[in-house]
Structures are given as structure tokens and as C-alpha cells.
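**Student:**
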Amino acid sequence: MKRALYSALAALPALLAIAAMTTLYLQQAIDPMLFFNSDAQYLPALYADLVEQGGRLRQWYLTPAPYFLPDWPLYFAARWLSGDAFHAWALVMAAQALALWGLAALLARRYVALPQA
79 MKRALYSALA
89 ALPALLAIAA
99 MTTLYLQQAI
109 DPMLFFNSDA
119 QYLPALYADL
129 VEQGGRLRQW
139 YLTPAPYFLP
149 DWPLYFAARW
159 LSGDAFHAWA
169 LVMAAQALAL
179 WGLAALLARR
189 YVALPQA
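The sequence shown begins at 79 in the numbering used here and counts up by one.
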């Protein structure tokens, strides 16, 4: 019972932070220059060329940066679900924050002992 209570108390701030971050982004309360620069437009351009315009992957010079592999499938799925780049980035941001919280919770559950009361 206590483990469920601790899990719920740990999840609440994380979910509230994700909701606040996503709301601020969707209301454009954050400076758009943080999100819409040439680096941030790489995946939307790749998606538009490959999926919407029928381009070929071999025509692209893909980046060797490590962000590319985990973000590529996540962005493509979010873009397919949302239909546009603006809302896709909100989904990606929320999914990554949720995954980071889940990993932290998993590590905490595995390596941090709960008080025995």
C-alpha cells in the first residue's frame, strides 16, 4: 500500500510538470526561437520529404548525431498522430519527459530502499 502511495506521490509532480510544460509550449509562452531553428527543422523537413512528398531516404545526407535515432521514430509517430509539426513537437516533448521520469522512477524503485515503518 505504501509503495503505491509513494509511486502516486512521485508521479503527481512529474505529470503536473509535463502538463505545464506542454501548456506553455502550446500557448506559445516560450520563445519560439528555442524550438524553431535549423536544427529543430531537420526532422520536420525529413518527414515532409519522405512521407508527404514521396522522397527517397538515399537522397538525404543523414546526420551522425546521436539524437537522430531515438528522435526519428518518435517524431515520425507524433507527426503522424498530430498532423503538423507544431503539435508533434509538443507530443515528443511530453513523451520524452514521461520516459525520463519513468526511467528515474524505475532506477529509484530498484536502487533506493523505502523506509520500513
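In this text, a Cβ means the ideal position worked out from N, Cα and C, and glycines have one as well.
DSSP three-state label for Asp149, please.
**Tutor:** Looking at Asp149 - three-state DSSP - the assignment turns out to be helix.
**Student:** Under the rule that 16 or more other beta-carbon atoms within 10 Å means buried, what is Ala156, buried or exposed?
**Tutor:** Buried: at least 16 other Cβ atoms inside 10 Å.
**Student:** With the cut-off set at 9 Å, would you say Ala186 and Ala88 are in Cβ contact?
**Tutor:** yes
**Student:** One question on the structure: do Trp158 and Leu121 come within less than 9 Å of each other, judged by their Cβ atoms?
**Tutor:** no
**Student:** What residues in its chain sit with their C-beta under 7 Å from that of Ala168, if we drop five residues either side in the sequence?
**Tutor:** Around Ala168: Thr100, Tyr103 and Leu104.
**Student:** So, with DSSP's three-state summary, where would you put Gln137?
**Tutor:** helix
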